[in-house]
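Engineer: Have a look at this one.
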Amino acid sequence: MTLSVEQDLPTATAAAPAERRKRQSRFRRSLRRYWQLYLLLLIPIIWFIVFRYIPMANAVIAFKNYNPIDGVWGSPWVGFDNFANLFRNPVFPRLVGNTFILAAYTLLASFPLPIILALALNEVRLRFFKRTVQMVTYAPYFISTVVVVSMTILLLSPRVGLLGRTFSFFGAGQVDLLASADFFRHIYVATDIWTTTGYLAVIYLAALASVDTSLYEAAKIDGASRLQKIWNVDIPALLPTASIILILGVGNIMAIGFEKAFLLQNALNLSTSEIIPTYVYKTGILNANFSLGATIGLFNAVISLVLLLVVNTVSKRVTGNGLW
Numbered sequence: 114m115t116l117s118v119e120q121d122l123p124t125a126t127a128a129a130p131a132e133r134r135k136r137q138s139r140f141r142r143s144l145r146r147y148w149q150l151y152l153l154l155l156i157p158i159i160w161f162i163v164f165r166y167i168p169m170a171n172a173v174i175a176f177k178n179y180n181p182i183d184g185v186w187g188s189p190w191v192g193f194d195n196f197a198n199l200f201r202n203p204v205f206p207r208l209v210g211n212t213f214i215l216a217a218y219t220l221l222a223s224f225p226l227p228i229i230l231a232l233a234l235n236e237v238r239l240r241f242f243k244r245t246v247q248m249v250t251y252a253p254y255f256i257s258t259v260v261v262v263s264m265t266i267l268l269l270s271p272r273v274g275l276l277g278r279t280f281s282f283f284g285a286g287q288v289d290l291l292a293s294a295d296f297f298r299h300i301y302v303a304t305d306i307w308t309t310t311g312y313l314a315v316i317y318l319a320a321l322a323s324v325d326t327s328l329y330e331a332a333k334i335d336g337a338s339r340l341q342k343i344w345n346v347d348i349p350a351l352l353p354t355a356s357i358i359l360i361l362g363v364g365n366i367m368a369i370g371f372e373k374a375f376l377l378q379n380a381l382n383l384s385t386s387e388i389i390p391t392y393v394y395k396t397g398i399l400n401a402n403f404s405l406g407a408t409i410g411l412f413n414a415v416i417s418l419v420l421l422l423v424v425n426t427v428s429k430r431v432t433g434n435g436l437w
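Here is the structure:
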């Protein structure tokens with residue numbers, strides 16, 4: 114047995130370079146044959162290197178006492194002092210809590226609705242009605258965040274907004290929901306659902322369009338009802354797409370959007386609307402504390418990366434689907 118293993122080792126060692134040469138030859142042949150596609154791939158790769166990876170080097174100011182006159186590499190090193198100052202900041206726990214609660218609330222509320230909408234539209238046989246609903250629900254995705262916030266403020270304004278006038282009509286007085294910290298998260302999530310549900314439903318509808326029709330025929334022959342077809346055919350077909358969207362959503366759970374939270378923010382709802390991106394803007398740009406702003410941003414990015422890796426690993430083990 115020992116002799117057999119010793120004899121096999123040289124054979125495997127000799128086979129490795131041959132296999133490597135074989136792969137290199139295969140790659141060169143593919144490069145010559147599909148050079149146009151590789152050239153097309155080169156453009157996004159260069160874009161990512163120039164605009165995504167090279168700017169990452171500036172994150173080094175999180176470990177420095179950055180001075181614009183000395184520049185990024187001329188400023189003195191301070192090690193982890195910025196991180197220590199961040200963790201000792203009494204605002205830090207509230208920032209992390211607000212960011213995590215708002216992002217988790219948004220993800221949990223907006224994740225199932227596109228699936229339900231797609232399943233419902235997939236069962237609609239009236240083509241005109243289906244197209245109309247798709248267009249009406251998809252259109253808000255193209256409205257800019259500034260316009261969405263402006264519409265929300267006008268709608269909820271206690272004096273001129275529709276909701277404010279309705280409250281006044283029924284004698285409830287002027288109710289300013291935007292000035293209430295308790296309602297900030299609900300307003301934020303409601304606007305997010307309004308703008309993204311139709312867009313995500315189109316993705317799920319595309320996944321449903323690829324389902325083999327023979328499965329529906331087999332279910333029909335077996336006497337399955339509509340709900341049984343949805344449960345046994347449609348939902349399993351949506352699981353790979355849903356798991357990828359969920360992984361991306363959880364990976365970005367700490368990277369929640371800055372614009373909407375900042376525009377909806379005011380002094381009265383600050384206890385729930387102050388999140389990490391808005392605090393980074395105020396600290397890094399408005400107060401010109403670039404090192405602390407970079408420290409908060411770096412901390413946020415690391416937490417997002419860890420969440421993405423964990424969720425991707427769990428998804429691959431549970432459903433067999435993952436980003437890589």
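Under the numbering used here, the sequence shown has 129 at position 16, and the numbering climbs by one with no breaks.
Glycine is no exception: its CB is placed at the ideal position from the N, C-alpha and C atoms.
Being a predicted model, the structure only gives us computed values, none of them experimental.
1. For glycine 184, which residues does DSSP report across the bridge?
2. Name the two residues that bound the continuous alpha helix (DSSP H) containing tyrosine 218.
3. For asparagine 379, count neighbouring Cβ atoms within 10 angstroms of its own Cβ and tell me buried if that reaches 16, exposed if not.
4. On the three-state DSSP scale, how would you describe tryptophan 160?
5. Whose C-alpha, out of Ile366, Phe280 and Thr385, is nearest the C-alpha of valine 296?
6. Quick one: Cα of methionine 114 to Cα of glutamate 132, how far?
7. Is it the case that the CB of glycine 210 approaches a heavy atom of the ligand ZN more closely than 7 Å?
8. Comparing C-alpha positions only, which one of Thr408, Ala368, Leu383 and Ser356 sits nearest to threonine 432?
9. Cα-Cα, which of Val346, Leu226, Gly192 and Val209 is closest to phenylalanine 100?
10. Residues in its own chain within less than 8 Å of phenylalanine 213 by CB, not counting five upstream and five downstream?
11. Measure from the alpha carbon of glutamate 387 to the alpha carbon of each residue in Leu313, Pro130 and Leu215, then state which is nearest.
12. Of all the options Tyr251, Asp289, Ser404 and Lys395, which has the alpha carbon lying nearest to the alpha carbon of threonine 265?
13. Among the residues of its own chain, which have a CB less than 8 Å from the CB of isoleucine 174, if the five just before and after it don't count?
Structural biologist: Checking against the coordinates, here is how it stands:
1. For the purposes of this step, residue 184 is taken as residue 71 along the sequence shown, with counting starting at 1. The partner list for glycine 184 (beta bridge, DSSP) reads Asn180.
2. One-based indexing of the sequence shown puts residue 218 at position 105. That run of the alpha helix (DSSP H) goes 205-223.
3. One-based indexing of the sequence shown puts residue 379 at position 266. That one is exposed.
4. Walking along the sequence shown from the start, residue 160 turns up at place 47. Looking at tryptophan 160 - three-state DSSP - the assignment turns out to be helix.
5. Residue numbering aside, residue 296 sits at position 183 when the sequence shown is read from its first letter. As written in the sequence, residue 296 is phenylalanine, which differs from the valine given in the question. Phenylalanine 296 has its Cα closest to that of Thr385, out of Ile366, Phe280 and Thr385.
6. Residue numbering aside, residue 114 sits at position 1 when the sequence shown is read from its first letter. Residue numbering aside, residue 132 sits at position 19 when the sequence shown is read from its first letter. Low confidence applies here, because methionine 114 scores a pLDDT of 44, under 50, leaving its location unreliable and the question unanswered by this model.
7. Here there are no bound small molecules, and the ligand ZN is not part of this structure.
8. Here residue 432 is taken as the residue at index 319 of the sequence shown, counted from 1. Among Thr408, Ala368, Leu383 and Ser356, the Cα nearest to that of threonine 432 is on Ser356.
9. Coverage of the chain is limited to positions 114 through 437, which leaves residue 100 absent and any answer about it impossible.
10. Here the question's residue 213 lines up with position 100 in the sequence shown. Same-chain partners within the cutoff: Ile366 and Met367.
11. The residue given as residue 387 occupies position 274 in the sequence shown. Looking only at Leu313, Pro130 and Leu215, the smallest Cα-Cα distance to glutamate 387 is reached by Leu215.
12. Position 152 of the sequence shown holds residue 265. With distances taken between Cα atoms, threonine 265 lies closest to Asp289.
13. For the purposes of this step, residue 174 is identified with residue 61 of the sequence shown, where counting begins at 1. Result list for isoleucine 174: Val185, Ser188, Phe403, Ser404 and Ala407, in chain order.
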